[in-house]
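Remarks on the structure that follows.
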């Protein structure tokens, strides 16, 4: 056989080996998570774990509700802040801004994506927390240290700007010019075209961007951990401290070996994160792939 | 007539809102970097970057964070190299060898897309339990494995995006001239060469900044990292630990460390940008 063909085959074999071993590693990760969480699920009913609100590992009660609620609070707050800002900014970049402005702003947004979580955390501690504690809290008549789910939400909002902007801009750019022209020629103002044509047409793509933002916010660990107080309670207002799931894992892993079921409980938390984020990402990717196929 | 005026007024209001949103978002970048610069600069000394922690460093005595800087650089360099060595072949395989549109191609690409978003704490937790199970203590090696796993999807996805930009005609021409798939793949690699460096830098930036992955697996040490099976300090963790100290001097050092990390990231970003603009010129 020709040496070139042998080389071709050799490369094929080794590359496919790499692909399949990485696929196997992914499967192993999931299996590992499940195997490690089984002891907890066997010891207690799954429904009880998810809805119980008492977290006291020493007494053997593992209620995940405070952590789930903590995660939901910070994620929701970040969405309330980030979604309107990102939609408005993306529409502006695509429909109103000139090429020069767009090619200046988009790279800057990418820089925001490159900043490591811990720096966001430092910024949160230096700026967001004191701001909430000294100004915003008193403004609403609330006594607070500033280490709250609100602070976590603000920091997260800034962290999910880049992913949402970059996808929203891409989605908005696929809206056909003919549609906009038709609307404008009927006498609609630009803003009316945006709200009544563009945003409606772009809805699935925008939704996908938001879902990707959610899953990013869900898994963010250290930046949130640094600012949101870490008290295992169900937050009742913006100014309560919360304790999101990833922070639970980060704070307690490594020191729980002697307490029965503790490590299983933490692995269960990791499994929850994995499954939820996997599901969200899958959903948004499928929407985006469909849109991409339609556009091309 | 007043109706038209109202509509035009709305248009103006909307435009101002959009501009404000844009300013808020881009401004947040400068604001974050500015805050860290403002707080960190007074504490940034040559000693910080050139010395390891001396006795009592964490209560405000002499020393620096050279151990953490070097630890992070080692960790990120080795992990990025490994992730590149694994990730680039995978995307070449998926784009050149596997038939376009096949189940394997679509499934794997989707999977890597989805994995891209799995938070590092999950990888860290898995790696940590695995290390406990195998009896390995927290070490540079553990950190490298975790961060490599974390960066492989990044490399695969970015290289994949680049490979998509190779014109189909070019692929067909090489095949029709009798090239094997591997020879075609080499042509692909040459075509996207500047982009590969961008992908590597992206992965490097992610690797050097990650905390949750190394928090459980790499440990911390005041010595310079010498062996791969020893725990090592990392820059993000050094920031995290120093910031939780109640002593103002130590907190100040956390800000200075954050400033150092910011510089590293900005250098990476600028290099990426320069390479990317070269890639644009290189295109036919």
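Chains as they are written, first to last, in the working numbering: chain A, 769 to 1064; chain B, 2 to 285.
Don't be surprised by glycine CBs; every beta carbon is placed ideally from N, CA and C.
In this text the structure is predicted, and so the values were computed from the model without any measurement.
### Task
Look at the alpha carbon of residue 165/B and the alpha carbon of residue 108/B, and state the distance between them as a whole number of angstroms.
Here residue 165/B refers to the residue found at position 164 when the second chain is read from its first residue. Here residue 108/B refers to the residue found at position 107 when the second chain is read from its first residue. Roughly 17 Å separates the two Cα atoms.
### residue 243/B classed as buried or exposed, judged by whether at least 16 other C-beta atoms fall within 10 angstroms
Numbered from its first residue, the second chain carries residue 243/B at position 242. Its Cβ being crowded by 16 or more others within 10 Å, residue 243/B is buried.
### Query
Which stretch, first to last residue, makes up the alpha helix (DSSP H) that contains residue 233/B?
Numbered from 1 along the second chain, position 232 holds the residue referred to as residue 233/B. Careful: residue 233/B lies outside any alpha helix (DSSP H) and carries neither H nor E.
### Query
Skipping 5 residues on each side, what residues in its chain have a beta carbon closer than 6 Å to that of residue 1006/A?
As a first step, residue 1006/A is located in the first chain; it is residue number 238 there, counting from the start. For residue 1006/A, where only same-chain residues beyond five positions count, the Cβ hits under 6 Å are 918.
### Query
Quick one, are the C-beta atoms of residue 160/B and residue 93/B less than 9 Å apart?
Residue numbering aside, residue 160/B sits at position 159 when the second chain is read from its first letter. Residue numbering aside, residue 93/B sits at position 92 when the second chain is read from its first letter. A contact, by the Cβ cut-off of 9 Å.
### Top-ranked residue by Cα proximity to residue 345/B, from 172/B, 129/B, 149/B
In this structure chain B extends from 2 to 285, so residue 345/B is not present and cannot be described.
### Message
Just verifying my parser: in three-state terms, what is the DSSP assignment at residue 10/B?
### Response
As a first step, residue 10/B is located in the second chain; it is residue number 9 there, counting from the start. Here residue 10/B sits in helix by DSSP.
### Burial state of residue 936/A (16 or more Cβ within 10 Å)
In the first chain, the residue the question calls residue 936/A occupies position 168. It is buried - the Cβ of residue 936/A has at least 16 other Cβ atoms within 10 Å.
### Task
Could you name the residues of the same chain whose beta carbon sits closer than 6 Å to that of residue 96/B, not counting the 5 residues immediately before and after it, in chain order?
Here residue 96/B is taken as the residue at index 95 of the second chain, counted from 1. These residues qualify, in order along the chain: 164.
### Query
Is it right to say residue 1076/A is buried, meaning 16 or more other beta carbons lie within 10 angstroms of its own, or is it exposed?
The first residue shown for chain A is 769 and the last is 1064, placing residue 1076/A beyond what the model contains.
### Which residues DSSP lists as bridging residue 824/A, in chain order
The residue you call residue 824/A lines up with position 56 of the first chain. Its beta-bridge partners are 829/A.
### Task
Can you give me the Cβ contacts of residue 845/A inside the same chain, cut-off strictly under 8 Å, excluding the 5 residues immediately before and after it?
One-based indexing of the first chain puts residue 845/A at position 77. So the qualifying residues of the chain are 917, 918, 920, 921, 922, 924, 925, 1006.
### Query
In the DSSP assignment, what are the bridge partners of residue 997/A?
Mapped onto the first chain, residue 997/A falls at position 229. The partner list for residue 997/A (beta bridge, DSSP) reads 1010/A.
### Task
Give, in chain order, every residue of the stretch 17-43 of chain B whose Cβ lies closer than 7 Å to some Cβ of chain A.
18, 19, 20, 22, 23, 25, 26, 27, 29, 30, 33, 36, 37, 40
### Query
Rounded C-beta distance between residue 46/B and residue 64/B? I'm assuming under 8 Å.
Here the question's residue 46/B lines up with position 45 in the second chain. Here the question's residue 64/B lines up with position 63 in the second chain. Residue 46/B to residue 64/B, Cβ: 11 Å. No contact.
### Query
Should the stretch 821-829 of chain A be called in touch with the stretch 979-996 of chain A, which here means at least 3 C-beta pairs below 8 Å?
no
### Query
Mind checking whether residue 885/A and residue 211/B have CB atoms under 9 Å apart?
Working through the first chain from its first residue, we reach residue 885/A at position 117. Working through the second chain from its first residue, we reach residue 211/B at position 210. Yes, the pair counts as a contact, with Cβ atoms nearer than the cut-off.
### Task
Could you tell me how far apart the beta carbons of residue 74/B and residue 887/A are, in whole angstroms, since I believe they sit closer than 8 Å?
For the purposes of this step, residue 74/B is taken as the residue at position 73 of the second chain. For the purposes of this step, residue 887/A is taken as the residue at position 119 of the first chain. About 17 Å; that fails the 8 Å criterion.
### Task
Tell me, to the nearest whole angstrom, how far the beta carbon of residue 72/B is from that of residue 226/B; I am working on the premise that it is less than 8 Å.
Residue 72/B sits at position 71 when you count from the first residue of the second chain. Residue 226/B sits at position 225 when you count from the first residue of the second chain. At roughly 5 Å, the Cβ-Cβ gap stays under 8 Å, so residue 72/B and residue 226/B are in contact.
#### Entry: Alpha carbon of residue 820/A to alpha carbon of residue 814/A, nearest angstrom
Here the question's residue 820/A lines up with position 52 in the first chain. Here the question's residue 814/A lines up with position 46 in the first chain. Looking at the two C-alpha atoms, the distance is approximately 10 Å.
### Query
With distances taken between CB atoms, is the gap from residue 147/B to residue 81/B smaller than 9 Å?
What you label residue 147/B is simply residue 146 of the second chain in a count that begins at 1. What you label residue 81/B is simply residue 80 of the second chain in a count that begins at 1. No.
### Message
Please classify residue 252/B as buried or exposed, where buried requires at least 16 neighbouring CB atoms within 10 angstroms.
### Response
Numbered from its first residue, the second chain carries residue 252/B at position 251. Residue 252/B should be labelled buried.
### Message
Among 275/B, 272/B, 260/B, whose alpha-carbon lies nearest the alpha-carbon of residue 66/B?
### Response
Stepping through the second chain from its first residue, residue 66/B is reached at position 65. For residue 66/B, the nearest C-alpha among the options comes from 260/B.
### Message
Strictly below 7 Å CB to CB, what residues from chain A border residue 241/B?
### Response
Position 240 of the second chain holds residue 241/B. Correct list: 886, 990.
### Message
Measuring only the C-alpha atoms, how far is residue 106/B from residue 17/B?
### Response
As a first step, residue 106/B must be located in the second chain, where it is residue number 105. As a first step, residue 17/B must be located in the second chain, where it is residue number 16. About 45 Å.
#### Entry: Assigned exposure category for residue 909/A - 16 Cβ within 10 Å defines buried
Residue numbering aside, residue 909/A sits at position 141 when the first chain is read from its first letter. It counts as exposed.
### Task
Report buried or exposed for residue 4/B, applying the criterion of at least 16 other Cβ atoms within 10 angstroms of its Cβ.
For the purposes of this step, residue 4/B is identified with residue 3 of the second chain, where counting begins at 1. With fewer than 16 other Cβ atoms within 10 Å, it is exposed.
### Query
Whose Cβ in chain A lies nearer than 9 Å to the Cβ of residue 276/B?
Working through the second chain from its first residue, we reach residue 276/B at position 275. The contacting residues do not exist; residue 276/B stays about 13 Å from chain A at best.
### Message
Does any residue of chain B have a CB that is nearer than 9 Å to the CB of residue 1014/A?
### Response
Reading the first chain from its first residue, position 246 is the one you call residue 1014/A. Yes, residue 1014/A lies at the interface with chain B (some Cβ there is under 9 Å from its Cβ).
### Message
Am I right that residue 847/A and residue 981/A are in contact with their C-beta atoms under 8 Å? What's the rounded C-beta distance?
### Response
On the first chain, residue 847/A is found 79 positions in, with the first residue counted as 1. On the first chain, residue 981/A is found 213 positions in, with the first residue counted as 1. Contact flag correct, Cβ pair sits at about 7 Å.
### Query
Would the beta-carbon of residue 995/A fall within 9 Å of that of residue 863/A?
Here residue 995/A is taken as the residue at index 227 of the first chain, counted from 1. Here residue 863/A is taken as the residue at index 95 of the first chain, counted from 1. Not in contact: residue 995/A and residue 863/A (Cβ atoms no closer than 9 Å).
#### Entry: Per-residue DSSP class, three states only, for residue 100/B
In the second chain, counting from the first residue as 1, residue 100/B sits at position 99. The answer is coil: DSSP assigns residue 100/B none of H, G, I, E or B.
### Query
If residue 1014/A sits next to residue 122/B, beta carbons under 8 Å apart, how far is it from one beta carbon to the other, in whole angstroms?
Numbered from 1 along the first chain, position 246 holds the residue referred to as residue 1014/A. Numbered from 1 along the second chain, position 121 holds the residue referred to as residue 122/B. Indeed they touch by this definition, with Cβ atoms about 5 Å apart.
### Task
Enumerate in chain order the residues of its own chain whose CB-to-CB distance from residue 117/B is below 7 Å, with the five nearest sequence positions on each side excluded.
Locating residue 117/B in the second chain gives position 116, counting from the first residue. Correct list, in chain order: 154, 155, 158.
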